[in-house]
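Okay, structure first, notes after.
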Amino acid sequence: MARGPLASRDPFTQLRREIERLFADVFEGRGFGPPPWWEQHRPAVNVWEDQDSVFVELEVPGVKSENLDLSVMGSELSIKVHYPEEKLEGATYHRRERPVGDFARVLRLPTEVDPAKVEASLENGVLTIKLAKAEAARPRKIAVATR
Amino acid sequence: MADEKRMRRTPEEGHVEHLRQGVCYLPLVDIVEKAEEIILKADIPGTRPENIDVNFEDGILTIYAKVDPRQEPGTQYLLREYGVGDYHRSFQVSEAIDASRITAEYADGVLTLHLPKAEAARPRKIPVQVSS
Numbered sequence: 255m256a257r258g259p260l261a262s263r264d265p266f267t268q269l270r271r272e273i274e275r276l277f278a279d280v281f282e283g284r285g286f287g288p289p290p291w292w293e294q295h296r297p298a299v300n301v302w303e304d305q306d307s308v309f310v311e312l313e314v315p316g317v318k319s320e321n322l323d324l325s326v327m328g329s330e331l332s333i334k335v336h337y338p339e340e341k342l343e344g345a346t347y348h349r350r351e352r353p354v355g356d357f358a359r360v361l362r363l364p365t366e367v368d369p370a371k372v373e374a375s376l377e378n379g380v381l382t383i384k385l386a387k388a389e390a391a392r393p394r395k396i397a398v399a400t401r
Numbered sequence: 300m301a302d303e304k305r306m307r308r309t310p311e312e313g314h315v316e317h318l319r320q321g322v323c324y325l326p327l328v329d330i331v332e333k334a335e336e337i338i339l340k341a342d343i344p345g346t347r348p349e350n351i352d353v354n355f356e357d358g359i360l361t362i363y364a365k366v367d368p369r370q371e372p373g374t375q376y377l378l379r380e381y382g383v384g385d386y387h388r389s390f391q392v393s394e395a396i397d398a399s400r401i402t403a404e405y406a407d408g409v410l411t412l413h414l415p416k417a418e419a420a421r422p423r424k425i426p427v428q429v430s431s
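Those protein sequences? They're chains A and B, same order as listed.
Counting with this note's numbering, you get residues 255 to 401 for the letters of the first sequence.
Counting with this note's numbering, you get residues 300 to 431 for the letters of the second sequence.
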């Protein structure tokens, strides 16, 4: 089964992706798409890169930095998010859509990264992680000598 | 309290609205009713207090938040699981609200609204006198 570097390793998710992909092919690209993130029990991410770094962004509204647990090993980034739950006495909930509890996710990054050069910042509920690519994974310009 | 719109979804699913310009998302909310007020919390990450509009008129509460793009327009995403854009959602509030005392605060990407109930809508305990 072909899968990209960032594909989930959970076998059920993989299976569902495959099925969705098959349906998407049948219906000329108009597949069902990924399920909404609150059904996935994991935070949704956007990932992009430039020459030197890989960037991972997550929306984690209501989460403080002490409720985030990030770790990097090789080309894997592990993200754990704890959404705090508020207990309200004598109150009635009319809507309860915002996530509570623990969500975790492991991303396989497209390249090896330098674990010592990872920066994460949290601003207005948006977490941005900048991971410097390992020296070996960066493009190197080769000078061509002329004689 | 009934809301008029569904939850936030990704643009690929077609559950986003196209109003004003560009794409609008529906924020996820918690709505809690207490004896003296209704508290509404909306997940609106990535904006600033000055970019949030809260309106209460004729029993309709409307939240609109402008969210600026965080990456360059031509960014090639390796993985794009959510879109970034403005938030909009409105609610019909059946409870009588004291509109002049509505307060709003924005912290960690969460908008919290306090909607105090109008005096007449609050439960009132009537003491029963004992007559001898």
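All C-beta atoms, glycine included, are put in the ideal place defined by N, C-alpha and C.
This one's a predicted model, so the numbers in the text were calculated from it and none came from an experiment.
- Residue 351/B and residue 344/A have their C-alpha atoms roughly 30 Å apart.
- Note on the stretch 368 to 424 of chain B: whole beta strand (DSSP E) runs with a minimum of 3 residues are 376 to 379, 385 to 391, 402 to 406 and 409 to 415, in chain order.
- Within the same chain, Cβ atoms closer than 7 Å to the Cβ of residue 307/A are found at 384, 385, 386 and 387, the five residues on either side in sequence being excluded.
- When DSSP states are grouped into helix, strand and coil, residue 361/A belongs to the strand group.
- Chain B has no Cβ within less than 8 Å of the Cβ of residue 267/A.
- Non-local beta-carbon contacts of residue 329/B in its own chain, meaning distances under 7 Å to residues more than five positions away in sequence, involve 340 in chain order.
- For residue 322/B, none of the residues of chain A pass the 7 Å Cβ criterion, the least Cβ distance being about 15 Å.
- Its chain contains 345 and 383 as the residues whose beta carbon lies nearer than 8 Å to that of residue 369/B, once the 5 sequence neighbours on both sides are disregarded; these appear in chain order.
- Here residue 381/A is not near residue 330/A, since their CB atoms are 8 Å or more apart.
- Note on the stretch 314 to 345 of chain A: whole beta strand (DSSP E) runs with a minimum of 3 residues are 322 to 327 and 330 to 337, in chain order.
- Residue 267/A carries a helical assignment under DSSP once its states are collapsed to helix, strand and coil.
- The Cβ neighbour count for residue 416/B, taken over all protein chains shown within 10 Å, is at least 16; the residue is labelled buried.
- Counting other Cβ atoms within 10 Å of its Cβ, residue 367/B stays below 16 and is therefore classed as exposed.
- The stretch 309 to 326 of chain A makes contact with the stretch 366 to 377 of chain A; the number of CB pairs closer than 8 Å reaches 3 or more.
- Proximity of residue 317/A to chain B, defined by a Cβ-Cβ separation below 8 Å, is satisfied.
- Per DSSP, reduced to three states, the secondary structure at residue 366/A is coil, with no helix or strand assignment.
- Residue pairing by DSSP puts residue 382/A in a beta bridge opposite 311/A and 375/A.
- Residues of the same chain with a CB within less than 8 Å of the CB of residue 396/A, apart from the 5 flanking positions on each side, do not exist.
- Per DSSP, residue 333/B is not a residue of any beta strand (DSSP E), being assigned neither H nor E.
- DSSP places residue 391/A in the helix class (H, G or I) of the three-state scheme.
- Taking all protein chains shown into account, residue 357/A has 16 or more neighbouring C-beta atoms within 10 Å of its C-beta and is therefore buried.
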